[in-house]
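Here's the structure, in structure tokens; my notes come after.
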Amino acid sequence: MSVPLLDLSRQYAYLKDDMNKAVLNVLDHGWFILGPEVTELEKQIAKLSGTTHARGVASGTDALLLALFAAGVRAGDEVITTDFSFFATAGTISRLGATPVFVDIEKDSYNIDPNLIEDAITDKTKAIIPVHLFGQVADMDPILEIAKKHNLKVIEDAAQAIGAKYKGKPAGSMGDFGCFSFYPSKNLGAGGDGGIITTNTEENFDLLTILRNHGAKPKYYHKIIGFNSRLASIQAAILLVKMPYLQKWSEKRIEHAKIYDNAFADIDSIITPKVMDYSDFHIYNQYTIAVSNRAEVMTKLQEAKIGSDIYYPVPFHKQECFADLGYAPEDLPVTNNAAETVLSIPIYPEMSPDEQQIVIETITKAVS
Ligand SMILES: *Cc1c(COP(=O)(O)O)cnc(C)c1O
């Protein structure tokens, strides 16, 4: 038996008829970009995320890019973020000519450590991007408080956390903007690239509407220079088919997480992911353990045909493209330790009990 890290074909198997119909319907009506499916999806995501508005864009990366731009981030500004995330979080800051400022993480949540943020603020700081890594919301209350005190915008990178909750509040509802990705491996994945931005103000919403379409308002009249970042109707159509299942899928992931938690509870050499007390709903986009003999564990998993991956092997401050920012390799020690020990293992909703048992047995053997 092989257990892939993620198997989207199983989801497609039971959604096939509805997904095919939804896609064919778009081919029929021919409104391929920002069609009625996009508008409907925006409505549903805003509702799910507890915001008044949402705007579909071409990817999660673009969601960050447009949100940063809409937040007023320009060349020469600084944006504070975590040292431990997918590249897009930092890359989009640099892409706008601004400078990412990396802050270390909390050991237990792998999310940005709010206690270290104020020391990173300068008179150039414009915004903070907390990332809700692996599906658990970052500790937002202190972050929002710091942002308010220093007049900074907050952009939630909720790419991995759709439907997750913090003290009862949905991911993407607390900052000025919430950024989501529909990349196929996310909990709500499209049949290609896609993303969406949530916000609670009419002003931000209008700006995003203009920005995603070259800054035009009205058509062919450009007061600002925007982007070409529009969500395809086919992607929205696929996502609308999946929306009614999202909550159930998240619950299934949580069930799987509990089984792993219990199985590894007495094994000192495996650190299981912690659910923080402020986190009401961790949706486990990844189930990420930490082990000191990671290379060995990965080899054993590979031999057993079990998928695993490292999210993420290189902290931002050690990336070659950020060398000019002047961090030393030993800066940000908590992130460094995480990057050397984390390992994500299969957690997708359709994983069978037998498959999970094999993953558990293989890992248990590999660490003993
Ligand atoms: C996936 C992801 C993104 C980027 O989303 P894309 O849709 O792939 O562009 C940004 N941030 C984080 C944390 C992600 O996991």
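Numbered by the working numbering, the letters in the sequence shown go through residues 829 to 1196 in order. Beta carbons: idealized from backbone N, C-alpha and C, even for Gly.
Excluding the 5 residues flanking it on each side, S1009 has same chain C-beta neighbours closer than 6 Å at G888, A987 and G1023, in chain order. A direct Cα-Cα distance of roughly 19 Å separates L1171 from T910. With a 10 Å radius around the Cβ and a threshold of 16 neighbouring Cβ atoms, T867 comes out exposed. If you draw a straight line from the Cα of H1110 to the Cα of N939, it is about 13 Å long. One Cα belongs to N1113, the other to E1079, and the distance between them is close to 12 Å.
Counted as a single uninterrupted DSSP element, the beta strand (DSSP E) harbouring K954 occupies residues T953 to I957. The C-alpha of K1051 lies about 7 Å from the C-alpha of G1043.
A distance criterion of 7 Å places the beta-carbon of F914 in contact range of ligand 1, judged by its closest non-hydrogen atom. The beta-bridge partner set that DSSP reports for I945 is empty.
With a cut-off of 7 Å, the C-beta of V901 is classified as distant from ligand 1, since no heavy atom of the ligand falls inside that distance. Counted as a single uninterrupted DSSP element, the beta strand (DSSP E) harbouring E906 occupies residues E906 to T910. Within 7 Å of the C-beta of K1014 there is at least one heavy atom belonging to ligand 1. Separation of A1118 and K1047 (C-alpha to C-alpha, rounded to the nearest whole angstrom) is 52 Å.
DSSP places Y1073 in the helix class (H, G or I) of the three-state scheme. Setting aside the 5 residues that flank it on each side, T1190 is surrounded in the same chain by K1128, L1129, A1132 and I1134, each with a C-beta closer than 8 Å to its C-beta; the list follows chain order. The Cβ-Cβ distance between I908 and I956 falls below 8 Å.
A check of alpha carbon separations from M1071 across I1099, E1168, Q839 and A886 identifies Q839 as the nearest.
Contact between L1068 and A850 holds, with the beta-carbon distance rounding to 7 Å and staying under 8 Å. DSSP, reduced to helix, strand and coil, places H1145 within a helical segment of the structure shown.
Residue state for K1102 is assigned as coil, using DSSP reduced to three classes.
Relative to ligand 1, D1021 has its C-beta within less than 7 Å of a heavy atom.
Using a 10 angstroms sphere on the CB of D967, the tally of other CB atoms reaches 16 or more, which defines it as buried. The beta carbon of G1019 sits closer than 6 Å to the beta carbons of I1066 from its chain, once the five residues preceding and following it are set aside; these are given in chain order. With fewer than 16 other beta carbons inside 10 angstroms of its own, S1120 counts as exposed. When the beta-carbon positions are compared, I983 and G1000 stay at least 8 Å from each other. The C-beta separation of A1167 from Y1140 comes to about 6 Å, placing the pair in contact by the 8 Å criterion.
Within the segment 890-936, the complete alpha helix (DSSP H) segments at least 4 residues long are 916-923, listed from N- to C-terminus. Look at the beta carbons and you see the segment 917-932 touching the segment 886-902: at least three pairs across the two are nearer than 8 Å.
Taking the Cα of I1138 as reference, the smallest distance to any Cα among F1150, K875, G878 and V1125 is reached at V1125.
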